[in-house]
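Q: Protein sequence lines, in the order shown, are assigned to chains A and B.
Just so you know, the working numbering puts 327 at position 63 of the first sequence, and the rest follows in order with no gaps.
Just so you know, the working numbering puts 195 at position 72 of the second sequence, and the rest follows in order with no gaps.
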Amino acid sequence: MDDLPPGKGRSDYRIGEITRLTGLSADTLRYYEKIRLLPQIGRTAAGTRLYGERDLTHLRFILRAKAMNFSLDEIARLLEMRGDPQHARDEVRELTQQKLQEVERHLVDLETLHRELTLLVNLCRGASDGCPIIDDLKKGTDLFFGSREK
Amino acid sequence: MPPIQVELFSAPNCRRCGKAKILLEAVVSLWPESEICWRVVDVVEELDHAVQIGVLATPAIAVDGQLVFTAIPAEERLRDVLRQHVEQARTIPE
Numbered sequence: 265m266d267d268l269p270p271g272k273g274r275s276d277y278r279i280g281e282i283t284r285l286t287g288l289s290a291d292t293l294r295y296y297e298k299i300r301l302l303p304q305i306g307r308t309a310a311g312t313r314l315y316g317e318r319d320l321t322h323l324r325f326i327l328r329a330k331a332m333n334f335s336l337d338e339i340a341r342l343l344e345m346r347g348d349p350q351h352a353r354d355e356v357r358e359l360t361q362q363k364l365q366e367v368e369r370h371l372v373d374l375e376t377l378h379r380e381l382t383l384l385v386n387l388c389r390g391a392s393d394g395c396p397i398i399d400d401l402k403k404g405t406d407l408f409f410g411s412r413e414k
Numbered sequence: 124m125p126p127i128q129v130e131l132f133s134a135p136n137c138r139r140c141g142k143a144k145i146l147l148e149a150v151v152s153l154w155p156e157s158e159i160c161w162r163v164v165d166v167v168e169e170l171d172h173a174v175q176i177g178v179l180a181t182p183a184i185a186v187d188g189q190l191v192f193t194a195i196p197a198e199e200r201l202r203d204v205l206r207q208h209v210e211q212a213r214t215i216p217e
């Protein structure tokens with residue numbers, strides 16, 4: 265099910281390459297395979313794991329979901345949906361719908377934060393004398409930690 | 124008829140905000156206070172309000188909660204826009 269049609273992407277990524285591409289440790293990759301978050305990874309005759317493009321997209325999905333603070337158990341169920349959306353169990357469809365709403369709420373928050381930060385950056389650019397925002401933040405920091413400037 | 128609400132979004136040390144304020148003050152004075160009410164909003168003090176309106180830089184001008192200018196407008200253009208809003212407000216029954 266997780267195999268791509270022949271000729272679609274690489275299928276010979278070594279674990280070291282995958283750690284570089286995803287930022288996940290080799291132990292984590294092996295753990296994900298052990299708990300079946302990842303499908304069984306193909307191996308060479310010598311037993312070296314070889315990851316495919318499909319495994320990589322799988323891992324990227326896991327990373328995005330983890331960034332949203334979804335639990336590994338939830339991610340496993342979302343992957344079930346991802347693998348076969350038409351035949352997913354009702355409970356998995358419900359969870360996917362619920363997570364979609366969470367992501368949408370997150371997007372609204374991110375959009376607001378994006379606009380706030382854009383405004384703050386633009387205020388600094390438009391300032392004639394230093395950056396009032398950074399100055400204010402610095403004053404606040406000094407109150408907490410004390411200024412080292414004499 | 125309620126007065127239209129004009130907000131000038133400004134910030135400390137904003138180079139062009141003073142000029143925008145002088146311009147707005149002059150244009151707004153063409154109407155009585157019963158038709159136009161205006162204020163300067165310090166975006167640092169009212170960041171949430173500024174972001175909600177969609178202000179991404181200062182100076183900016185909003186009329187009745189809608190962002191209308193994102194830079195200093197030409198005097199004539201500002202007058203036209205305010206006139207349109209005032210005339211529209213006059214048609215709203217009390």
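Quick reminder that beta carbons are idealized off the backbone N, C-alpha and C, glycines included.
Evaluate Pro196 (chain B) with the Cβ neighbour count: other Cβ atoms within 10 Å of its Cβ, from every protein chain shown; 16 or more gives buried, anything less gives exposed.
A: Here residue 196 (chain B) corresponds to residue number 73 of the second sequence, with the count starting at 1. Taking all protein chains in view, the Cβ of Pro196 (chain B) is crowded by 16 or more other Cβ atoms within 10 Å, so the residue is classified as buried.
Q: Taking only beta carbons into account, state which residues of the stretch 187–198 of chain B come closer than 9 Å to chain A, listed in chain order.
A: none
Q: Scan the stretch 282–347 of chain A and note each continuous alpha helix (DSSP H) run of 4 residues or more that stays entirely inside, going in chain order.
A: 290–298, 317–331, 336–347
Q: For the stretch 275–302 of chain A, list every residue whose C-beta sits within 9 Å of some C-beta in chain B, in sequence order.
A: Of all residues in the stretch 275–302 of chain A, none has a Cβ within less than 9 Å of some Cβ in chain B.
Q: When DSSP labels each residue in this structure, what does Leu377 (chain A) get in the three-state scheme?
A: Here residue 377 (chain A) corresponds to residue number 113 of the first sequence, with the count starting at 1. The answer is helix: DSSP assigns Leu377 (chain A) an H, G or I state.
Q: Which residue comes first and which comes last in the alpha helix (DSSP H) that contains Arg202 (chain B)?
A: Stepping through the second sequence from its first residue, residue 202 (chain B) is reached at position 79. Arg202 (chain B) -> alpha helix (DSSP H) spans 198–213.
Q: Excluding five sequence neighbours on each side, which residues of the same chain lie with their C-beta closer than 6 Å to the C-beta of Ala173 (chain B)?
A: Here residue 173 (chain B) refers to the residue found at position 50 of the second sequence. Taking C-beta separations shorter than 6 Å and ignoring five residues to either side along the sequence, the partners of Ala173 (chain B) in its chain run Phe132, Val166, following chain order.
Q: Per DSSP, what kind of secondary structure is Leu371 (chain A) in: helix, strand or coil?
A: Translated into positions along the first sequence, residue 371 (chain A) becomes position 107. The answer is helix: DSSP assigns Leu371 (chain A) an H, G or I state.
Q: Could you work out which residue in B:Pro216, B:Cys137, B:Glu169, B:Leu147 is closest to Cys160 (chain B) when comparing CA atoms only?
A: Start at 1 with the first residue of the second sequence, and residue 160 (chain B) comes out as number 37. When each option's Cα is compared against that of Cys160 (chain B), the closest is B:Leu147.
Q: For the beta strand (DSSP E) containing Ala185 (chain B), name the first residue and the last one.
A: Reading the second sequence from its first residue, position 62 is the one you call residue 185 (chain B). Run containing Ala185 (chain B): 183–186, per the beta strand (DSSP E) assignment.
Q: So Leu201 (chain B) and Val163 (chain B) are in contact, right, with Cβ under 8 Å, and what is the actual spacing, rounded?
A: Along the second sequence, one-based indexing puts residue 201 (chain B) at 78. Along the second sequence, one-based indexing puts residue 163 (chain B) at 40. Contact doesn't hold; Cβ gap of about 15 Å is too wide.
Q: Please report the distance separating the alpha-carbon of Pro303 (chain A) from that of Arg379 (chain A).
A: Counted from its first residue, the first sequence places residue 303 (chain A) at position 39. Counted from its first residue, the first sequence places residue 379 (chain A) at position 115. C-alpha separation (whole angstroms): 40 Å.
Q: So which residues of chain B does Thr376 (chain A) contact, with C-beta pairs closer than 8 Å?
A: To locate residue 376 (chain A), count along the first sequence from 1; it is residue 112. What Thr376 (chain A) touches in chain B: Val174.
Q: Near Leu359 (chain A), which residues of its chain fall below 6 Å by C-beta distance, leaving aside the five closest residues on each side in sequence?
A: Position 95 of the first sequence holds residue 359 (chain A). Cβ contact annotation for Leu359 (chain A) (same chain, cutoff 6 Å, sequence separation greater than five): Arg341, in chain order.
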